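In UniProt numbering, the protein residues as written are 1 to 109.
Below: one structure, written as structure tokens.
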């Protein structure tokens, strides 16, 4: 059983075994060595302090039955996150342009 989480410091989305994420602490385990990630994910390896670090994370979706289904959902969350970031960026630019226009017109009056 898998979950989709967002690692808050990196602003990245990942599929993890559901038991890697601790709801109470808001932390998720992630393998220290990148070469072990795929193996640990596929074998639903329980996390330990030797092979894993804990990171601040937010749960998007849990109890997804297959890795393939979880991967599809993670892509949707990544796309939504990218769109949200683009909207925020455009909104900030728009507000900046509006205040610049406002200052321009106010200085002429």
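In this text, a Cβ means the ideal position worked out from N, Cα and C, and glycines have one as well.
No experiment lies behind these values; they were computed from the predicted model shown.
Item checked: Beta-ladder partner(s) of residue 58, from DSSP -> The sequence position of residue 58 within the chain shown is 58, counting from 1. Beta-bridge pairing links residue 58 to 6.
Check: Hey, how far is the Cα of residue 69 from the Cα of residue 18?
Finding: On the chain shown, position 69 is the one that residue 69 refers to. On the chain shown, position 18 is the one that residue 18 refers to. Each residue's Cα considered, the two are about 14 Å apart.
Margin query: Considering only DSSP beta bridges, list what residue 22 is partnered with.
Written below: Within the chain shown, the letter at position 22 stands for residue 22. 27.
Next item on the list: Assign residue 41 to one of two classes, buried (16 or more other C-beta atoms within 10 Å of its C-beta) or exposed (fewer than that).
Entry: By 1-based counting over the chain shown, the position of residue 41 is 41. Label assigned to residue 41: buried.
Next item on the list: Give a yes or no on whether the C-beta atoms belonging to residue 8 and residue 80 are separated by under 8 Å.
Entry: By one-based count along the chain shown, residue 8 stands at place 8. By one-based count along the chain shown, residue 80 stands at place 80. Not in contact: residue 8 and residue 80 (Cβ atoms no closer than 8 Å).
Next item on the list: Can you grab the Cα-Cα spacing for the pair residue 45 / residue 52, in whole Å?
Entry: Translated into positions along the chain shown, residue 45 becomes position 45. Translated into positions along the chain shown, residue 52 becomes position 52. Between residue 45 and residue 52, the C-alpha separation is close to 11 Å.
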